[in-house]
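Numbering (this note's numbering), first residue to last: 910 to 1146.
Quick reminder that beta carbons are idealized off the backbone N, C-alpha and C, glycines included.
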Amino acid sequence: MAESRQIIYLDMDHTLCDYNATYEAYKTKFPEIKYPQSIEGFFRCIEPIDGAIEVFQWLNSQESFDVYILTAPSVKNPHCYSEKRLWVEEYLGTEAVNCLIITPNKGLNKGHYLIDDQINGAGQENFEGKLIQFGSSNFPNWQSVKDYFLKTIEKDEAIKFMFENGLLSIPSRSPLSVNARRSPKSDLPDVHPELPPDHPIVRHRNGELSDAELCRELGIEESKLLRYLVERGELFG
Ligand SMILES: [Mg+2]
């Protein structure tokens, strides 16, 4: 939904960039240097992690999201600032340079998502949005990140569809109602209370219609969106 774009930040080292591979190569090539990441050119020649470029471009092409690169500098290596900038231009394109933020404190940035291999150390622990830890068991690679955001988009589109078709109402925000009727994490709309008893939504809830029949009755059998909500139990839960 273009009117409510969500901000996603992407870390560079160990997330977009395969820092370890270059580190090991430099350690072999310059064994006498204790901190190979301090050598000029180090940050310029890091290779992207598999899938990183493709998923960055995919996220960037979605109207639901505004994508930024959020990276902490290696402060003792002044070359890293310009080399990160050059890396972004080479692999992500000239436009992406406008979205590069280099900061020692990522917690100061406002946004909805931060994709980062670290959960603390550069302000990640103070980030107010959702932290997606790249490389964790839930998000081991870029395909898993893409799958996650694909579902996020589907859910947003499904809710939008339901609102536009008068099938949902805004849920009560009272704490009592929230506690009594839904888990604290859930913040999804209720089914509209004024739907007639023979409405497909109501009949589905009563067990008279299957998921497929519901989609057919609503004329959206081609859509995966309603099915997504139904399968997750989020629409009627
Ligand atoms: Mg990192």
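I think Gly1020 touches Ile916, with their Cβ atoms under 8 Å apart; what is that distance to the nearest whole Å?
Against the sequence shown, residue 1020 aligns to sequence position 111. Against the sequence shown, residue 916 aligns to sequence position 7. Beta-carbon to beta-carbon, Gly1020 and Ile916 are separated by about 4 Å, close enough to satisfy the 8 Å threshold.
Look up Tyr944 in the DSSP assignment and say whether it is helix, strand or coil.
For this step, residue 944 is matched to residue 35 along the sequence shown. Correct three-state label for Tyr944: coil.
Looking only at its chain, what residues have a beta carbon closer than 7 Å to the beta carbon of Cys1008, apart from the 5 residues adjacent to it on each side?
For this step, residue 1008 is matched to residue 99 along the sequence shown. Correct list, in chain order: Val976, Tyr977 and Ile978.
Report yes if the C-beta of Asp1056 is less than 6 Å from at least one heavy atom of ligand 1; otherwise report no.
Reading the sequence shown from its first residue, position 147 is the one you call residue 1056. Every heavy atom of ligand 1 is 6 Å or more from the Cβ of Asp1056, so no.
Name the residue from Ala934, Ile1041, Lys1060 and Glu1004 whose alpha carbon lies nearest to the alpha carbon of Gly950.
Walking along the sequence shown from the start, residue 950 turns up at place 41. Of the candidates Ala934, Ile1041, Lys1060 and Glu1004, Ala934 places its Cα closest to the Cα of Gly950.
Three-way DSSP call (helix, strand, coil) for Cys926 in this model
Within the sequence shown, numbered from 1, the residue matching residue 926 stands at position 17. It is a strand residue.
Which word fits Gln966, buried or exposed, when buried means at least 16 other C-beta atoms lie within 10 angstroms of its C-beta?
The sequence position of residue 966 within the sequence shown is 57, counting from 1. Under this definition Gln966 is an exposed residue.
Distance, Cα to Cα, Glu870 vs Leu919?
The first residue shown for the chain is 910 and the last is 1146, placing residue 870 beyond what the model contains.
Use the C-beta contact count for Ser1095: other C-beta atoms within 10 angstroms, 16 or more gives buried, fewer gives exposed.
As a working note, residue 1095 is residue 186 in the sequence shown. Residue placement at Ser1095 is flagged as unreliable, the pLDDT there being 43, under the threshold of 50; a coordinate-derived value is accordingly withheld.
Going residue by residue through the stretch 970–1032, where are the continuous alpha helix (DSSP H) segments of at least 4 residues, counting only ones entirely within it?
Within the stretch 970–1032, the complete alpha helix (DSSP H) segments of 4 residues or longer fall at 988–1001, listed in chain order.
Relative to the alpha-carbon of Ser983, which residue among Val1054, Thr1061 and Asp922 has its alpha-carbon at the smallest distance?
Against the sequence shown, residue 983 aligns to sequence position 74. When each option's Cα is compared against that of Ser983, the closest is Asp922.
His923 CB to nearest heavy atom of ligand 1 below 6 Å:
Walking along the sequence shown from the start, residue 923 turns up at place 14. At least one heavy atom of ligand 1 is nearer than 6 Å to the Cβ of His923, so yes.
I want to check one thing, is the minimum distance from the CB of Gln1033 to the heavy atoms of ligand 1 below 6 Å?
The count along the sequence shown starts at 1 and reaches residue 1033 at position 124. No - ligand 1 has no heavy atom lying nearer than 6 Å to the Cβ of Gln1033.
In chain order, what residues of the same chain have a beta carbon less than 6 Å from the beta carbon of Asn986, not counting five sequence neighbours either side?
The residue you call residue 986 lines up with position 77 of the sequence shown. Leaving aside the five residues that flank Asn986 on each side, the residues in its chain whose CB is nearer than 6 Å to its CB run, in chain order, Ser947.
I'd like the list of long-range same chain contacts for Asp1026, defined as Cβ closer than 8 Å, with 5 residues on each side in sequence excluded.
Position 117 of the sequence shown, counted from the start, is the residue given in the question as residue 1026. Answer for Asp1026: Asp920, Asp922, His923, Thr924, Gln1042, Phe1043 and Gly1044, listed in chain order.
Environment of Val1006 [buried if 16+ CB atoms lie within 10 Å]
Sequence index remark: in the sequence shown, residue 1006 carries index 97 (1-based). Exposed, since its Cβ has fewer than 16 Cβ neighbours within 10 Å.
Quick one: does the C-beta of Asp927 sit closer than 6 Å to a heavy atom of ligand 1?
The residue given as residue 927 occupies position 18 in the sequence shown. No; taking the cut-off as 6 Å, the Cβ of Asp927 has no heavy atom of ligand 1 nearer than that.
Terminal residues of the continuous alpha helix (DSSP H) containing Ile916?
Taking the sequence shown and counting its residues from 1, the one referred to as residue 916 is at position 7. Not the alpha helix (DSSP H): Ile916 falls in the beta strand (DSSP E), residues Gln915 to Leu919.
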